[in-house]
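Participant: Dropping a structure here in structure tokens format, bear with me for questions.
Chains as they are written, first to last, in this note's numbering: chain A, 110 to 279; chain B, 266 to 618.
Pasting the structure below:
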């Protein structure tokens, strides 16, 4: 039996055929589409290394059955940079040394992107509230303990991105 | 993970028909179910994906002042719905105290009610568990019991229901709308989950094939909006299940309690409504002495189910603090750390520790 699904993957429409309904979105990305930037850490939704944006919202790809994603838009770490130009969140992670081994970093960056897009700014003027960033990023573990740098990077990326939005609106 | 059939019905009637077969299970986001299937704890033969059923993703304000929430609404969407959070702030706070942002973005309201216990022995196929394998025994008895029950447990099972969301829902008289092959029925959320007794495998009042289609909060529940909090004690500041938690909601007039609602989480196989404590507060002065008496009343029947007697005193303290926080008023702005106990009652602000 085969399960056809349509995905918009990093902006590109893809028609895929799954041969098994058990395939998670994470395994689809890594094992079938060679997009290995999204990492498999715990495979249980606890570490956040597999975080991707599904229809613009950050989710754990390891707990998401691919067959249920028919019609969805998926954004992975591979879709962030424009050629050699890094995304503001990626630049902020480098600037603040927000990683050591780097294994959790794609998930951290996708989670940060989701966070900036959802709660913080909508809560109103929370731009400098590190406590809200720590709470909002609690679904991403870093065993190297780069949390201080990650928090600083998310705050800076949020400022950069909201300034860019304001400049575009002006 | 075992092989399964995947079906995606378009209507409630199709879903109920598809789930009537033995071995069928409803699939929401799968944040709990897929995990348990990977472990081999659950082995459904058919998954009935309910996320594309028309109307199940709606949040509706009702004419009488209540609200109706479709079973496939995402936890994050409900917590961020300004109208909902304004009327039922303790429910929004509890939602935001649960899991991580990634899981809240996916997990559904119906799935939250139906999530399974986080008892480690239920998850471990090598352990005896009357819930997973009826008659095999309970390895949690005499084991690690920090996450286990102090109320409503039996010799057969001491597991707790892990939901935060359900705790204020139980306090506020939420109603569960259920579809089955015989039509629709309703049940109070506070009685939706079963206590273990001698049949711990039966966890809710749903019959096989029945589907949660919506939750309803009655208009009266919005009357507590000015004084409603959820407070959760856990082993780390974020992304951990409750050791104990409490929802407290008050209606106050001239320094006295007109009406109180209290429920506890992390202490039983269901969100635990503390009606005796509520009755004790009705008409009482809204002060610490009354809140201490209410907290004592809420735990009168509590008994340790293992090496967890400390949870009873923790629960008393959390009930009292939730009442103090509620009395001081629902914060105008959501705290940075929802439901955190690391807050002074007077300012409601919290910080990581």
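Glycine residues also receive a C-beta, built at the ideal position from the N, C-alpha and C atoms.
Quick one: what's residue 156 (chain A) bridged to in DSSP?
Facilitator: Start at 1 with the first residue of the first chain, and residue 156 (chain A) comes out as number 47. Partner(s): none; residue 156 (chain A) has no beta bridge.
Participant: Grab the span of the alpha helix (DSSP H) containing residue 271 (chain A) for me, first residue to last.
Facilitator: Position 162 of the first chain, counting from 1, holds the residue named residue 271 (chain A). That run of the alpha helix (DSSP H) goes 256-278.
Participant: Determine the direct distance from the alpha carbon of residue 114 (chain A) to that of residue 179 (chain A), and round the result to whole angstroms.
Facilitator: Taking the first chain and counting its residues from 1, one reaches residue 179 (chain A) at position 70. Taking the first chain and counting its residues from 1, one reaches residue 114 (chain A) at position 5. Distance between the alpha carbons of residue 179 (chain A) and residue 114 (chain A): 5 Å.
Participant: Just tell me which of B:536, B:556, B:537 and B:361 has its CA closest to the CA of residue 545 (chain B).
Facilitator: Within the second chain, residue 545 (chain B) is the residue found at index 280, counting from 1. Per the Cα distances, B:556.
Participant: Run down chain A in chain order and give the residues with a C-beta less than 9 Å from the C-beta of residue 380 (chain B).
Facilitator: Sequence index remark: in the second chain, residue 380 (chain B) carries index 115 (1-based). Per Cβ cutoff of 9 Å: no residues; residue 380 (chain B) is ~12 Å from chain A at best.
Participant: Which residue marks the beginning of the beta strand (DSSP E) containing residue 377 (chain B), and which one marks its end?
Facilitator: Counting from one through the second chain, the residue named residue 377 (chain B) turns up at place 112. Here residue 377 (chain B) belongs to no beta strand (DSSP E); instead the alpha helix (DSSP H) covers 374-379.
Participant: Measuring only the C-alpha atoms, how far is residue 230 (chain A) from residue 274 (chain A)?
Facilitator: What you label residue 230 (chain A) is simply residue 121 of the first chain in a count that begins at 1. What you label residue 274 (chain A) is simply residue 165 of the first chain in a count that begins at 1. In this prediction, residue 230 (chain A) has a pLDDT of 46, which is less than 50 and means its spatial position is unreliable; what the coordinates show is noted afterwards. The straight-line gap from Cα to Cα measures roughly 12 Å.
Participant: Identify the residues that DSSP records as bridge partners of residue 112 (chain A): which are they?
Facilitator: The residue you call residue 112 (chain A) lines up with position 3 of the first chain. BP columns for residue 112 (chain A) point to A:127.
Participant: Counting only beta-carbon separations shorter than 7 Å, does residue 291 (chain B) have a partner in chain A?
Facilitator: Your numbering for residue 291 (chain B) matches position 26 in the second chain. Answer no: the Cβ-Cβ gap between residue 291 (chain B) and chain A never drops below 7 Å.
Participant: Against chain B, which members of the stretch 252-272 of chain A pass a CB distance test of less than 8 Å?
Facilitator: none
Participant: Exposed or buried, which one is residue 194 (chain A) when buried takes at least 16 other CB atoms within 10 Å?
Facilitator: The residue you call residue 194 (chain A) lines up with position 85 of the first chain. Exposure of residue 194 (chain A) is indicated by the presence of fewer than 16 other C-beta atoms within 10 angstroms of its C-beta.
Participant: Which one of B:284, B:287, B:378 and B:409 has the shortest CA to CA distance from residue 530 (chain B)?
Facilitator: Taking the first residue of the second chain as position 1, residue 530 (chain B) is located at position 265. The shortest Cα separation from residue 530 (chain B) among B:284, B:287, B:378 and B:409 belongs to B:378.
Participant: Less than 7 Å between the C-beta atoms of residue 535 (chain B) and residue 413 (chain B), yes or no?
Facilitator: Within the second chain, residue 535 (chain B) is the residue found at index 270, counting from 1. Within the second chain, residue 413 (chain B) is the residue found at index 148, counting from 1. Their beta carbons are not under 7 Å apart, which means residue 535 (chain B) does not touch residue 413 (chain B) by this criterion.
Participant: Thinking C-alpha only, which one of B:427, B:541, B:316 and B:465 is nearest residue 508 (chain B)?
Facilitator: Position 243 of the second chain, counting from 1, holds the residue named residue 508 (chain B). Ranking the options by Cα distance to residue 508 (chain B), first place goes to B:427.
Participant: Measure the alpha-carbon distance for residue 527 (chain B) versus residue 399 (chain B) and round it to whole angstroms.
Facilitator: Position 262 of the second chain holds residue 527 (chain B). Position 134 of the second chain holds residue 399 (chain B). Approximately 33 Å between the Cα atoms of the pair.
Participant: DSSP on residue 199 (chain A), reduced to helix/strand/coil?
Facilitator: The residue given as residue 199 (chain A) occupies position 90 in the first chain. In the three-state reduction of the DSSP assignment, residue 199 (chain A) falls in the helix class, which pools H, G and I.
Participant: Can you give me the C-alpha to C-alpha distance between residue 233 (chain A) and residue 288 (chain B), rounded to a whole angstrom?
Facilitator: Your numbering for residue 233 (chain A) matches position 124 in the first chain. Your numbering for residue 288 (chain B) matches position 23 in the second chain. Model confidence at residue 233 (chain A) stands at a pLDDT of 49, short of 50, so the residue's coordinates are unreliable; what they give is reported in the following sentence. Residue 233 (chain A) and residue 288 (chain B): Cα-Cα distance of roughly 47 Å.
Participant: With distances taken from CA atoms, which of A:238, A:224, A:268 and A:267 is nearest residue 59 (chain A)?
Facilitator: Given a span of 110 to 279 for chain A in the structure shown, any question on residue 59 (chain A) remains unanswerable.
Participant: Measuring only the C-alpha atoms, how far is residue 212 (chain A) from residue 144 (chain A)?
Facilitator: The sequence position of residue 212 (chain A) within the first chain is 103, counting from 1. The sequence position of residue 144 (chain A) within the first chain is 35, counting from 1. Each residue's alpha carbon lies about 14 Å from the other.
Participant: Hey, would you say residue 513 (chain B) sits closer than 7 Å to residue 439 (chain B), going by beta carbons?
Facilitator: For the purposes of this step, residue 513 (chain B) is taken as the residue at position 248 of the second chain. For the purposes of this step, residue 439 (chain B) is taken as the residue at position 174 of the second chain. Going by C-beta atoms, residue 513 (chain B) is not nearer than 7 Å to residue 439 (chain B).
Participant: Roughly how many angstroms separate the alpha carbons of residue 578 (chain B) and residue 559 (chain B), rounded to a whole number?
Facilitator: Mapped onto the second chain, residue 578 (chain B) falls at position 313. Mapped onto the second chain, residue 559 (chain B) falls at position 294. C-alpha separation (whole angstroms): 13 Å.
Participant: Since residue 619 (chain B) contacts residue 220 (chain A) with CB under 8 Å, what's their CB separation in whole angstroms?
Facilitator: Within the shown structure, residues of chain B are numbered from 266 to 618, placing residue 619 (chain B) beyond reach of any answer.
Participant: Between residue 547 (chain B) and residue 494 (chain B), what straight-line distance do the alpha-carbon atoms span, to the nearest angstrom?
Facilitator: Residue numbering aside, residue 547 (chain B) sits at position 282 when the second chain is read from its first letter. Residue numbering aside, residue 494 (chain B) sits at position 229 when the second chain is read from its first letter. C-alpha separation (whole angstroms): 18 Å.
Participant: Which first and last residues belong to the beta strand (DSSP E) in which residue 620 (chain B) is found?
Facilitator: No answer is possible for residue 620 (chain B): the residues shown for chain B start at 266 and end at 618.
Participant: In the DSSP assignment, find the beta strand (DSSP E) that holds residue 456 (chain B) and state where it starts and stops.
Facilitator: Indexing the second chain from 1 puts residue 456 (chain B) at position 191. Counting along the chain, residue 456 (chain B) falls outside any beta strand (DSSP E), and DSSP gives it neither H nor E.
Participant: Write down the C-beta distance between residue 543 (chain B) and residue 525 (chain B) rounded to the nearest angstrom, noting that I regard them as a contact closer than 8 Å.
Facilitator: The residue labelled residue 543 (chain B) in the question sits at position 278 within the second chain. The residue labelled residue 525 (chain B) in the question sits at position 260 within the second chain. Indeed, because the Cβ distance is near 5 Å, the residues count as touching under 8 Å.
Participant: Is there contact between the stretch 399-410 of chain B and the stretch 324-336 of chain B, where contact requires at least three CB pairs shorter than 8 Å?
Facilitator: no
Participant: Answer with yes or no whether the minimum CB distance from residue 295 (chain B) to chain A is below 7 Å.
Facilitator: Within the second chain, the letter at position 30 stands for residue 295 (chain B). Yes, residue 295 (chain B) lies at the interface with chain A (some Cβ there is under 7 Å from its Cβ).
Participant: For chain A, find out if any of its Cβ atoms is closer than 7 Å to the Cβ of residue 556 (chain B); answer yes or no.
Facilitator: For the purposes of this step, residue 556 (chain B) is identified with residue 291 of the second chain, where counting begins at 1. Residue 556 (chain B) does not count as touching chain A.
Participant: By how many angstroms is the C-alpha of residue 446 (chain B) removed from the C-alpha of residue 275 (chain B)?
Facilitator: Counting from 1 along the second chain, the entry for residue 275 (chain B) is found at position 10. Counting from 1 along the second chain, the entry for residue 446 (chain B) is found at position 181. Whole-angstrom Cα-Cα distance: 16 Å.
Participant: Between residue 299 (chain B) and chain A, is any beta-carbon pair separated by less than 7 Å?
Facilitator: Walking along the second chain from the start, residue 299 (chain B) turns up at place 34. By this cut-off, residue 299 (chain B) is an interface position.
Participant: Using the DSSP secondary-structure output, state which residues sit across from residue 302 (chain B) in a beta bridge.
Facilitator: Locating residue 302 (chain B) in the second chain gives position 37, where the first residue counts as 1. Looking at the DSSP output, residue 302 (chain B) bridges to nothing.
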